[in-house]
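Below is one structure; the comments refer to it alone.
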Amino acid sequence: MLSGKPPLEGHVPTWGFNSVRLPTKNFEVDLLEIGGSQNLRFYWKEFVNEVDVLVFMLDSSDRPRLPRARQELQKLLDRDPDLPVVIVANKQDLSGAMSMVELQRELGLLASYNQREIFLLAASIAPAGSTFEEPGTVHIWKLLLELLS
Numbered sequence: 004m005l006s007g008k009p010p011l012e013g014h015v016p017t018w019g020f021n022s023v024r025l026p027t028k029n030f031e032v033d034l035l036e037i038g039g040s041q042n043l044r045f046y047w048k049e050f051v052n053e054v055d056v057l058v059f060m061l062d063s064s065d066r067p068r069l070p071r072a073r074q075e076l077q078k079l080l081d082r083d084p085d086l087p088v089v090i091v092a093n094k095q096d097l098s099g100a101m102s103m104v105e106l107q108r109e110l111g112l113l114a115s116y117n118q119r120e121i122f123l124l125a126a127s128i129a130p131a132g133s134t135f136e137e138p139g140t141v142h143i144w145k146l147l148l149e150l151l152s
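Residue numbering for the sequence shown follows the numbering used here, beginning at 4 and increasing consecutively.
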């Protein structure tokens, strides 16, 4: 709702903090999700130095907010130049969503971070045929856990 638009039916944006410990084949992964509202962004810098991987999710269909996303991402990346980053471009299934190439350019990923490990993943709010029982973001988390294990 940050852009003034209501959430899509069945989709609930993160409003606060969510934390979960998930077992993988070889170890446990602690996930901390922090919402992107103005009052929560203050806390991002408190946690970024404590993580092994930063997963930055953005709405790829919300063009007006992309400059703010770029600015906030830059602040986080400046805090730890060696931190690997996964950027999840959510809502790729919506019309007007930016392509991966466009997002790379608009987020400044091609020029600014050529020494950093950055992965850009496309996600949809709901996979084809889904009834929101398992949103696209759940698929992304499962993929990331599979890659880690």
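Glycine included, C-beta positions come from ideal geometry on N, C-alpha and C.
Closest in C-alpha terms to residue 84, from the list 105, 118, 71 and 23, comes 118. Residue pairing from DSSP places residue 59 in a beta bridge opposite 90.
About 15 Å separates the beta carbons of residue 148 and residue 54, which is beyond the 8 Å limit, so they are not a contact pair. DSSP places residue 31 within a strand segment (E or B) once states are collapsed to three. DSSP, read as helix, strand or coil, puts residue 71 in helix. Residue 89 is positioned such that its CB atom lies no closer than 8 Å to that of residue 45. Sorting 146, 150 and 126 by C-alpha distance to the C-alpha of residue 60 places 126 at the top.
Annotation: the continuous alpha helix (DSSP H) that includes residue 106 extends over 103-109. Looking at the backbone, the Cα of residue 100 and that of residue 124 are separated by about 13 Å. Excluding sequence positions up to five before and after residue 120, its CB lies within less than 8 Å of the CB of 87 and 88, all in the same chain and listed in chain order. Within the DSSP secondary-structure output, residue 100 pairs in no beta bridge. Take residue 72, set aside five residues on each side of it, and the residues of its chain with a beta-carbon closer than 6 Å to its own are 61, in chain order. Assignment of beta-bridge partners to residue 122 by DSSP yields 89.
With contacts defined by Cβ atoms closer than 8 Å, residue 104 and residue 143 do not form a contacting pair.
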